[in-house]
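**Student:** Here it is, the structure, as structure tokens.
There are 2 protein chains.
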Amino acid sequence: MPFRRYWTGCGRGKHVVKLIPLGGLGEIGLNMMVLECHETLFVIDVGLMFPEDYMLGVDYVIPDMSYLKQNVKKLAGIVLTHAHEDHIGALPYLLREVHAPVFGAPFTLGLVRHKLEEHDLMGHTALHTVLPGETLKIGPFALEFIRVNHSVVDGVGIAIGTPYGTIVHTGDFKFSHTCVDGMATDVSRFARCGEQGVLALLSDSTNVENAGHTVSDCEVAEVLAGICQRCTGRIIIALFASNVGRIQQIVEIAVATGRKVLFNGRSIEVSVQIAQSLGYLRIPEGMQIEVDQVRQFPEDEVIIITTGSQGEPMSALARMAAGTHRQIKIMPEDTVILSSKFIPGNERAITNIINDLYRCGATVVYEKIARIHVSGHAFQEELKMMIRLTRPRYFIPIHGEYRHLVQHARLAEQEGIAKENILLVQNGDMVTFGPCEAAAVTGSIMTGRLLIDGKGVGDVGRSVLKERRLLSEEGMVVINMAFDEETGVVIYGPDLVSKGFVFETETGHLLDDAQCVVLEIVEDVPPEVPNRLEIIRSRVQSALRQYFFFTIGRRPLIMPFIIEV
Amino acid sequence: MPFRRYWTGCGRGKHVVKLIPLGGLGEIGLNMMVLECHETLFVIDVGLMFPEDYMLGVDYVIPDMSYLKQNVKKLAGIVLTHAHEDHIGALPYLLREVHAPVFGAPFTLGLVRHKLEEHDLMGHTALHTVLPGETLKIGPFALEFIRVNHSVVDGVGIAIGTPYGTIVHTGDFKFSHTCVDGMATDVSRFARCGEQGVLALLSDSTNVENAGHTVSDCEVAEVLAGICQRCTGRIIIALFASNVGRIQQIVEIAVATGRKVLFNGRSIEVSVQIAQSLGYLRIPEGMQIEVDQVRQFPEDEVIIITTGSQGEPMSALARMAAGTHRQIKIMPEDTVILSSKFIPGNERAITNIINDLYRCGATVVYEKIARIHVSGHAFQEELKMMIRLTRPRYFIPIHGEYRHLVQHARLAEQEGIAKENILLVQNGDMVTFGPCEAAAVTGSIMTGRLLIDGKGVGDVGRSVLKERRLLSEEGMVVINMAFDEETGVVIYGPDLVSKGFVFETETGHLLDDAQCVVLEIVEDVPPEVPNRLEIIRSRVQSALRQYFFFTIGRRPLIMPFIIEV
Chain A
1 MPFRRYWTGC GRGKHVVKLI PLGGLGEIGL NMMVLECHET LFVIDVGLMF
51 PEDYMLGVDY VIPDMSYLKQ NVKKLAGIVL THAHEDHIGA LPYLLREVHA
101 PVFGAPFTLG LVRHKLEEHD LMGHTALHTV LPGETLKIGP FALEFIRVNH
151 SVVDGVGIAI GTPYGTIVHT GDFKFSHTCV DGMATDVSRF ARCGEQGVLA
201 LLSDSTNVEN AGHTVSDCEV AEVLAGICQR CTGRIIIALF ASNVGRIQQI
251 VEIAVATGRK VLFNGRSIEV SVQIAQSLGY LRIPEGMQIE VDQVRQFPED
301 EVIIITTGSQ GEPMSALARM AAGTHRQIKI MPEDTVILSS KFIPGNERAI
351 TNIINDLYRC GATVVYEKIA RIHVSGHAFQ EELKMMIRLT RPRYFIPIHG
401 EYRHLVQHAR LAEQEGIAKE NILLVQNGDM VTFGPCEAAA VTGSIMTGRL
451 LIDGKGVGDV GRSVLKERRL LSEEGMVVIN MAFDEETGVV IYGPDLVSKG
501 FVFETETGHL LDDAQCVVLE IVEDVPPEVP NRLEIIRSRV QSALRQYFFF
551 TIGRRPLIMP FIIEV
Chain B
1 MPFRRYWTGC GRGKHVVKLI PLGGLGEIGL NMMVLECHET LFVIDVGLMF
51 PEDYMLGVDY VIPDMSYLKQ NVKKLAGIVL THAHEDHIGA LPYLLREVHA
101 PVFGAPFTLG LVRHKLEEHD LMGHTALHTV LPGETLKIGP FALEFIRVNH
151 SVVDGVGIAI GTPYGTIVHT GDFKFSHTCV DGMATDVSRF ARCGEQGVLA
201 LLSDSTNVEN AGHTVSDCEV AEVLAGICQR CTGRIIIALF ASNVGRIQQI
251 VEIAVATGRK VLFNGRSIEV SVQIAQSLGY LRIPEGMQIE VDQVRQFPED
301 EVIIITTGSQ GEPMSALARM AAGTHRQIKI MPEDTVILSS KFIPGNERAI
351 TNIINDLYRC GATVVYEKIA RIHVSGHAFQ EELKMMIRLT RPRYFIPIHG
401 EYRHLVQHAR LAEQEGIAKE NILLVQNGDM VTFGPCEAAA VTGSIMTGRL
451 LIDGKGVGDV GRSVLKERRL LSEEGMVVIN MAFDEETGVV IYGPDLVSKG
501 FVFETETGHL LDDAQCVVLE IVEDVPPEVP NRLEIIRSRV QSALRQYFFF
551 TIGRRPLIMP FIIEV
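For the protein sequence lines, the chains are A and B, in the order given. Reminder that position 242 of the first sequence reads as 242 in the UniProt record's numbering, one-by-one numbering, no gaps. Reminder that position 430 of the second sequence reads as 430 in the UniProt record's numbering, one-by-one numbering, no gaps.
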């Protein structure tokens, strides 16, 4: 732990400022950070994560929020940096259990309101809009939202005034100087923080692996415009619903190329409606058409903006590619543009859709073959810029897997932050800022992840996932057999049934032979043997395990139901 | 199907040349191509594929080779282009069922011999070494191996003389003019084919999405050398075992930096031993050390070359990262270099290892942060070069998913191949070249994929995978209950057991309530009702399905075993 220092005494007491990440430090997603002083705490972001491969059947993952429940009396607010799921997705699960006011920028709260209505939680939740530049008092903390540019509109970083100095939390950010309508990162405000003195900088590590700068959003728009100008058929563009900046660029391309715009897909319709109502998205009168009007226009006068760029199987794009979309069929002259990153883990789903679109005869443009997307997270040079602007005393890399945090820590060291002032913090670590002595990790709290499966929160864990993996890889065989309690004679079975194992036709002789294995065991354990059923059960288990491994090299779950009646 | 033309008559008969891909046209992997004329056929490559995500529990995928088994009398040879698994991996499964001589370059056959010995198949298989430049007669076909550069040593393309002209099959290739020891693609031989007239070019489409040229292997070596020169501790480099060219480069870096070389991991030891015995890998006397000697040398005098760059859980690198490698423990001064591509689908496994290595304090270098790898497949400009060199009459893109084949077809059209002479062929299509009329797809044969699970070949299919998916996502609940045959009274159960469903502590009350649901159904169906057991079984199924969906939003597999004794 080269970057971590432990508390060495002095001033440890009630009135220190504690910073405790509950998620996002050691993983991409689950972003959630507690700040606490005396009798007040607030939390920045309440994010979820999509399940990893081994989490079979799991719908979402959320941070373990027990610490907030235990300290519910201190909880004075929930502050959101932007509207992405990895920052707001776990909010409904928190608000089901605790009451606290929620603070965020207009678009963020627009999507939050929609989400809470879906979860029937709007009744007892107060949402408070805070604009960039406005300040907000939470107990001893004075927060100011600072506009940052990100792949969603209304992203903010937060300058948090504390009794011991200002802590700057960047949120998710990049520097983009050519983005639409004043949504650029407020460089001068970060610089002013630096001039006034920053106690600690908490900065987004997501793209620390990437050298240089992110390309400009302008450049992406130009590439998109170039592709659209050459298209003679319909244009279908898939992107993230919350990427309002990109949507505005496409609307402008539509205007320039004389095309109407159709928004298709539920999440994009919600996002567009909110962005329009806030004035973040301007669509000229008469430009927008509905899905049932699309056939009234020639193909070269239509752009369809939709979702499904990550290969989501129920998305509008997936349905178009599969030919199951009710109103929109892909035609050979169509050009389909996937204007987003291939998120690792989704490639197979995305490329399957691309192959399907090609099979329909369409031309498909995606990040591998054209520069039609740019990340929303700062690259190395931008991360250095943030450090130079804020000139913090302490540096804490946030938002990243362990390797990202380490690399960001090393980058900060190169930028002149003293090694002992760089804190490589992980989820659950408690960092303390006090009146004297250096800031340091002074303890830790229990954190973890809860798996959401259906309506269950946290009722699926390691042991259940292990069973699921076993079932999924090897299948199972159930054996049913009944003995007469008095005579010990077999009065039912052995009856063998398999699932997820081999084809039924093949199972036939395999299971017939397995039945003989069971009957031989029964013969070997006559009725007078004590604990007969248990002995038979355990021998059947091990004999069938061996039998199936020997014959077909597999280890199905063996479930013997052997009873006496 | 813009590029496909169908046969229109004339000359259709026994003596046409037929070309039938059994795999690899519509997917990455499973490469296998049949060429047939009159009473002779041979096959180029017999590849496997690693399972896709949805193929739960499957070990490998191989092409359905029924066509070869049906035409076993005609089968005169198996010709291999290079030693990668997607070109030779299914060979043992073919050779178990048919006998045929195998032809390949020395290194290819070296690895094949090792593979067949493992499968105990060497006894009845004849391996014939063919060197690049040598010719080989198979029935009416005259084959010549042409050296190509690829990420394995001894890759070849094949010029196939047929009664109607020469068909050129590129194998997997790129143009690399700076590669080690005369292993460069034989540009002039391809050019000579072009001058003499090429009937058809079958060319590798894998990297058609990438514009420009592949970077030179020299450049990769320079980057690697630069990193190694700066290292003050041990260096551990993970790569593909068959990448002998890269291994030679690293040996030379070791010589230049005064380090000893240790090869660790079974597949790399096999590959190095074969390459050394063929003179493809030269390691100066005294340079190579064994694993038990490694502690005798100072850290800055050791390079360890190992496998596991794809995150394979049992590989040497994974064991080092997890701290379970018996002889090699990762130390904070170590530099670990992953000199290979992150193959889609493996990212999570790879990045988990990288995070673990960082946790051990090591520095990790990988393709995202340094140019330490280059693909073995030609980029667009190289693909154009191959077309320009061979100037074929017909063009057939091979080795790729559907989108790659379409994009390669479009590239060929841009390079001046007449659109009607570009055949967009898929697995199972039969392309016929005859004395008159144009080449065309004239029919198709049944093809498909067989899944290998344990010792089973093809006994796991769609229905079994569907059961596995259901089990893996939702788990299952088994209900056991027995009635007295005469009185109809419940004499056992209902006993409910779940797997992969919820935590056992939580299952308790859920299953108790479910038991009540079952008992209510039993009450509602008195003994005198005809088909009582069937009615109870089906009602239990649907009632429990509803119950679990309503209570926890999940749909486990319900298996009622309700018997009469």
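All C-beta atoms in this analysis are idealised placements derived from N, C-alpha and C, irrespective of residue type, glycine included.
Which residue from A:177, A:247, A:302 and A:141 puts its Cα closest to that of residue 283 of chain A?
**Tutor:** A:247
**Student:** If you follow the alpha helix (DSSP H) that residue 406 of chain A is part of, which residue opens it and which one closes it?
**Tutor:** From DSSP, the alpha helix (DSSP H) with residue 406 of chain A extends over 402-414.
**Student:** Which residues bound the beta strand (DSSP E) around residue 476 of chain A?
**Tutor:** 476-483
**Student:** For residue 252 of chain B, report the span of its alpha helix (DSSP H) as first-last.
**Tutor:** 244-257
**Student:** Under 6 Å Cβ to Cβ from residue 12 of chain A, same chain only, skipping five residues before and after it: list those, please.
**Tutor:** Any reading at residue 12 of chain A needs caution, since the residue's pLDDT is 46, under 50, leaving its predicted position unreliable; the model's value is listed next. Here the set comprises nothing.
**Student:** Using Cβ-Cβ distances below 9 Å, what residues of the region 447-461 of chain A are close to chain B?
**Tutor:** 453, 454, 455, 456, 458, 459, 460 and 461
**Student:** Taking only beta-carbon positions, decide if residue 3 of chain A is within less than 8 Å of chain B.
**Tutor:** Its pLDDT being 37, under 50, residue 3 of chain A is placed unreliably in this model, and the value from its coordinates should be taken loosely. By this cut-off, residue 3 of chain A is not an interface position.
**Student:** Which bits of chain B does residue 384 of chain A rub up against, with CB to CB less than 9 Å?
**Tutor:** Neighbours of residue 384 of chain A on chain B: none; closest Cβ ~15 Å, over 9 Å.
**Student:** Just the Cα atoms here: how many angstroms apart are residue 38 of chain A and residue 417 of chain A?
**Tutor:** Looking at the two C-alpha atoms, the distance is approximately 29 Å.
**Student:** Just tell me which of B:71, B:138 and B:120 has its CA closest to the CA of residue 128 of chain B.
**Tutor:** B:138
**Student:** Tell me the residue span of the alpha helix (DSSP H) that contains residue 93 of chain B.
**Tutor:** 91-95
**Student:** Beta carbons nearer than 8 Å to chain B: which residues of the region 199-220 of chain A have them?
**Tutor:** 209, 210 and 211
**Student:** Measuring CB atoms only, is the region 465-476 of chain A touching the region 428-437 of chain A, in the sense that at least three cross pairs come out at less than 8 Å?
**Tutor:** no
**Student:** Is the Cβ of residue 478 of chain B closer than 8 Å to any Cβ of chain A?
**Tutor:** Closer than 8 Å: yes.
**Student:** Need the endpoints of the beta strand (DSSP E) that residue 43 of chain A sits in, please.
**Tutor:** Residues 40-44.
**Student:** Which runs of the beta strand (DSSP E) fall wholly inside the region 93-147 of chain B and span at least 3 residues, in chain order?
**Tutor:** Entirely contained in the region 93-147 of chain B, the beta strand (DSSP E) runs reaching 3 residues are, in chain order, 102-104, 127-129 and 135-138.
**Student:** Report yes if the C-beta distance between residue 303 of chain A and residue 235 of chain A is below 8 Å; otherwise report no.
**Tutor:** yes
**Student:** Check each candidate in B:323, B:317, B:322 and B:333 and name the one with the smallest Cα separation from residue 298 of chain B.
**Tutor:** B:333
**Student:** If residue 371 of chain A and residue 415 of chain A are in contact, beta carbons under 8 Å, what's the gap, nearest whole angstrom?
**Tutor:** Between residue 415 of chain A and residue 371 of chain A the Cβ distance is about 29 Å, and since that is not below 8 Å, they are no contact.
**Student:** If we ignore side chains and look at the alpha-carbon of each, how far apart do residue 197 of chain A and residue 421 of chain A end up?
**Tutor:** C-alpha separation (whole angstroms): 15 Å.
**Student:** Suppose you measure from the CA of residue 642 of chain B to the CA of residue 62 of chain A; what does that come to, to the nearest Å?
**Tutor:** No answer is possible for residue 642 of chain B: it lies beyond the span of chain B, which begins at 1 and ends at 565.
**Student:** Is there at least one non-hydrogen atom of the ligand COA closer than 7 Å to the beta-carbon of residue 135 of chain A?
**Tutor:** For the ligand COA, the structure offers nothing, since it holds no ligand at all.
**Student:** Using the C-alpha atoms, what's the distance from residue 257 of chain A back to residue 249 of chain A?
**Tutor:** 12 Å
**Student:** My output table needs one value for residue 362 of chain A: the three-state DSSP class, helix, strand or coil.
**Tutor:** coil
**Student:** Between which two residues does the alpha helix (DSSP H) holding residue 297 of chain B run?
**Tutor:** Element bounds for residue 297 of chain B: n/a, residue is neither H nor E.
**Student:** Kindly say whether residue 499 of chain B, judged by its beta-carbon, lies nearer than 8 Å to any beta-carbon of chain A.
**Tutor:** yes
**Student:** Going by other Cβ atoms of all chains shown within 10 Å of its Cβ, with 16 needed for buried, is residue 553 of chain B buried or exposed?
**Tutor:** exposed
**Student:** Between which two residues does the alpha helix (DSSP H) holding residue 568 of chain A run?
**Tutor:** With chain A covering 1 to 565 only, the question about residue 568 of chain A has no answer from this structure.
**Student:** Could you check what DSSP says for residue 60 of chain B in three-state terms: helix, strand or coil?
**Tutor:** Strand, per DSSP.
**Student:** Would you verify that the beta carbon of residue 234 of chain A is, or is not, closer than 8 Å to some beta carbon of chain B?
**Tutor:** no
**Student:** Check the Cβ-Cβ distances between residue 6 of chain B and every residue of chain A, and say whether any is below 8 Å.
**Tutor:** Confidence at residue 6 of chain B is low in this model, with a pLDDT of 37, below 50, so the placement of that residue should be treated as unreliable; the coordinate-derived value is given next. Taking Cβ atoms only, chain A never reaches closer than 8 Å to residue 6 of chain B, which makes this a no.
**Student:** Does residue 190 of chain B come out as helix, strand or coil in the three-state DSSP assignment?
**Tutor:** In the three-state reduction of the DSSP assignment, residue 190 of chain B falls in the helix class.
**Student:** Looking only at C-alpha atoms, which of A:134, A:148, A:146 and A:155 sits nearest to residue 109 of chain A?
**Tutor:** A:155
**Student:** Please name the residue in B:311, B:326, B:366 and B:378 whose C-alpha comes closest to that of residue 346 of chain B.
**Tutor:** Looking at the Cα atoms, B:311 is the closest of the given residues.
**Student:** Could you tell me which chain B residues have their CB closer than 7 Å to the CB of residue 358 of chain A, listed as they occur along the chain?
**Tutor:** 402, 403 and 406
**Student:** Helix, strand or coil for residue 6 of chain B per DSSP?
**Tutor:** Reliability of the predicted coordinates at residue 6 of chain B is poor, the pLDDT of 37 falling under 50, and no value is obtained from them.
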